[in-house]
Amino acid sequence: MNDMNKYLSETVKTIPPSGIRKFFDLVSQTEGVISLGVGEPDFVTPWHIREACLYSLEKGYTMYTSNSGLLELREEIAKYQKRQIGVDYSPQKEILVTVGVSEAVDIALRALIEPGDEVLIPDPSYVCYAPGAAMAYGKSVMVPTYDADEYRMRADVLESCITPKSKILILPYPNNPTGAIMEKTDLEAIAEVVRKHDLIVLSDEIYGELTYTGKHFSFASLPGMKDRTILLNGFSKAYAMTGWRIGYACGHPDIIAAMTKIHQYTIMCAPIMAQKAAIEALRNGEEQMRKMIENYNYRRKLLLNGFKQIGLECFEPRGAFYCFPSIKNTPYNSEEFCEKLLYEEQVATVPGNAFGNSGEGFIRCCYAASVSNLEEALIRIGNFLNRHR
Ligand code: PLP
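Heads up: the sequence shown begins at 795 in my numbering, then just goes up one per residue.
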């Protein structure tokens, strides 16, 4: 039985592997690499959060929790969202604790999509949405966003992509890979389109806390939008907790109940020790989180100024921890640029087109790397550009 392909689902076979992973296989084969590639905090989870987990284990918290997650955690999430975005969510009916935002995206799409329904996704965006839609038998429709608009989604472009099959709009801002944010006025224009075409919004706000100019504004807080929005957030980025696998969804009770049904049969519940840690993060994690954000902001400015000095054009990213410079004045496309940069200068970045066709001509650089590595990467990228422009 050498070839098992005939047994595989056609849907899964048609989904391409992640362009990020493909690139990282190359990175792992190269020595002495400075990585601006992986999109994760370079901090270890703050000690008080780790300690809360250890303490919970010592006390014997090793069992399942309610499918929805510990009520204590949902209460903290409700308080947190009220503080952050001014929206009230019922801990009993409107919040579900998930295994990261990744699970929340998957089960939200599966709870909503009928075969053939269309999911509108900004291009470029994080890589999980289109495969998530495909696995739920939906069709993804990419909504181009542009460098000239600082990669905000434009209401007129969104409207031009709508068909009678359009059902869900994904709003992942601050954005991975561009670092773009949406201002309140941008979201108001999008809300008009959402209302007119009766869409449901999946607002992935995992980078909401990592907003460097002003405060993050949530789509769910616009008048009439709370019930149309499934707000997703988690602990991976803001609290440096990627490995804990903990996130959550807030939304209308009917939608949360449907998502809970899928979660119940596939996941059961998020790990109790990670939930205990998340409670501590929400209760006492603000100060450490602010320090990490200040630190990212310093490095954001360092990379941005460095790019200016070596002549790499880049709009100012105002959120997440990515810069998305243009490489259009080199002879290479995104993939060629990243491969050559890796082989010749041992700097790992990610081709912009790994996040959608609109990312072609750009590269994603994650600045959650040490200052000395960022400085060295700038020298190496500068040398590379001097040879190849
Ligand atoms: N959403 C976005 C926009 C991301 O960039 C990522 C991870 O990079 C995720 C979701 C996944 O988050 P989690 O670790 O909570 O599953």
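Where is the CB? At the ideal position from N, CA and C, for every residue including glycine.
Quiz item: Under the three-state reduction of DSSP, which class applies to PRO938: helix, strand or coil?
Solution: As a first step, residue 938 is located in the sequence shown; it is residue number 144 there, counting from the start. DSSP places PRO938 in strand when its eight states are reduced to three.
Practice problem: To the nearest angstrom, report how far apart LEU1025 and GLY1002 are at their CA atoms. | Solution: By 1-based counting over the sequence shown, the position of residue 1025 is 231. By 1-based counting over the sequence shown, the position of residue 1002 is 208. Roughly 11 Å between the two C-alpha positions.
Quiz item: For VAL995, which residues does DSSP report across the bridge?
Solution: Against the sequence shown, residue 995 aligns to sequence position 201. Partner(s): LEU963, THR1023.
Self-check item: Rounded distance between the beta-carbons of TYR1161 and LEU1168, thought under 8 Å
Solution: Position 374 of the sequence shown, counted from the start, is the residue given in the question as residue 1168. Position 367 of the sequence shown, counted from the start, is the residue given in the question as residue 1161. That pair is a contact at about 6 Å.
Quiz prompt | Cut-off 7 Å between Cβ atoms - residues of its own chain near ILE814, not counting five sequence neighbours on either side | solution = Here the question's residue 814 lines up with position 20 in the sequence shown. If the five residues before and after ILE814 are omitted, its C-beta is found closer than 7 Å to the C-beta atoms of VAL921, VAL1144, ALA1148, all from its own chain and listed in chain order.
Quiz item: How about GLY826: is its Cβ closer than 7 Å to a heavy atom in the ligand PLP?
Solution: Your numbering for residue 826 matches position 32 in the sequence shown. For the ligand PLP, not one heavy atom lies less than 7 Å from the Cβ of GLY826.
Practice problem: For VAL913, name the three-state secondary structure that DSSP assigns. | Solution: Locating residue 913 in the sequence shown gives position 119, counting from the first residue. Residue state, collapsed to three classes: strand.
Quiz item: For the ligand PLP, is there a heavy atom less than 7 Å away from the beta-carbon of PRO966?
Solution: Reading the sequence shown from its first residue, position 172 is the one you call residue 966. Because some heavy atom of the ligand PLP lies under 7 Å away, the Cβ of PRO966 counts as near it: yes.
Self-check item: Beta-carbon contacts of GLU1139 that lie in its chain and below 8 Å, excluding the five residues immediately before and after
Solution: Taking the first residue of the sequence shown as 1, we reach residue 1139 at position 345. Hits under 8 Å: ARG1174, ILE1175, ASN1177, PHE1178.
Quiz item: beta strand (DSSP E) containing THR805: first to last residue?
Solution: Translated into the one-based positions of the sequence shown, residue 805 becomes position 11. Premise fails: THR805 lies in the alpha helix (DSSP H), 804 to 808, not in any beta strand (DSSP E).
Quiz prompt | Straight-line gap, ASN799 to GLU912 (C-alpha atoms, nearest Å) | solution = Position 5 of the sequence shown holds residue 799. Position 118 of the sequence shown holds residue 912. Annotation: ASN799 to GLU912 spans about 28 Å, alpha carbon to alpha carbon.
Quiz prompt | Euclidean distance between Cα positions of LEU867 and GLU1133 | solution = In the sequence shown, residue 867 corresponds to position 73, counting from 1. In the sequence shown, residue 1133 corresponds to position 339, counting from 1. Spanning the alpha carbons of LEU867 and GLU1133 requires a straight line of approximately 44 Å.
Quiz prompt | Whether PRO1119 touches PHE1101 by CB criterion (8 Å) | solution = The residue you call residue 1119 lines up with position 325 of the sequence shown. The residue you call residue 1101 lines up with position 307 of the sequence shown. In this structure, PHE1101 lies closer than 8 Å to PRO1119 by Cβ.
Practice problem: Return yes when the C-beta of VAL895 is under 7 Å from any heavy atom of the ligand PLP, and no when it is not. | Solution: The residue you call residue 895 lines up with position 101 of the sequence shown. True, at least one ligand heavy atom lies under 7 Å from that Cβ.
Exercise. Please indicate yes or no: does the CB of ASN970 lie closer than 7 Å to some heavy atom of the ligand PLP?
Key: Numbered from 1 along the sequence shown, position 176 holds the residue referred to as residue 970. Result yes, Cβ under 7 Å from the ligand PLP.
Quiz item: Does the beta-carbon distance from PHE1013 to THR1005 come in below 8 Å?
Solution: Here residue 1013 refers to the residue found at position 219 of the sequence shown. Here residue 1005 refers to the residue found at position 211 of the sequence shown. No, these two residues do not count as a Cβ contact at 8 Å.
Quiz item: Taking buried to mean at least 16 other C-beta atoms within 10 Å of its own C-beta, is LYS807 buried or exposed?
Solution: Locating residue 807 in the sequence shown gives position 13, where the first residue counts as 1. Counting of Cβ neighbours within 10 angstroms places LYS807 among the exposed residues, the total staying below 16.
Practice problem: Can you grab the Cα-Cα spacing for the pair THR805 / ILE901, in whole Å? | Solution: Residue 805 sits at position 11 when you count from the first residue of the sequence shown. Residue 901 sits at position 107 when you count from the first residue of the sequence shown. Rounded to the nearest whole angstrom, the C-alpha separation of THR805 and ILE901 is 17 Å.
Self-check item: is_contact[ASP882, chain B] using C-beta, thresh 8 Å
Solution: Here there is only one protein chain, and chain B is not present.
Practice problem: Return the Cβ separation of PRO835 and ALA1034 in integer angstroms, given the expectation that the two are a contact with Cβ distance under 8 Å. | Solution: Reading the sequence shown from its first residue, position 41 is the one you call residue 835. Reading the sequence shown from its first residue, position 240 is the one you call residue 1034. About 4 Å separates the CB atoms of PRO835 and ALA1034; that is less than 8 Å, so the two are in contact.
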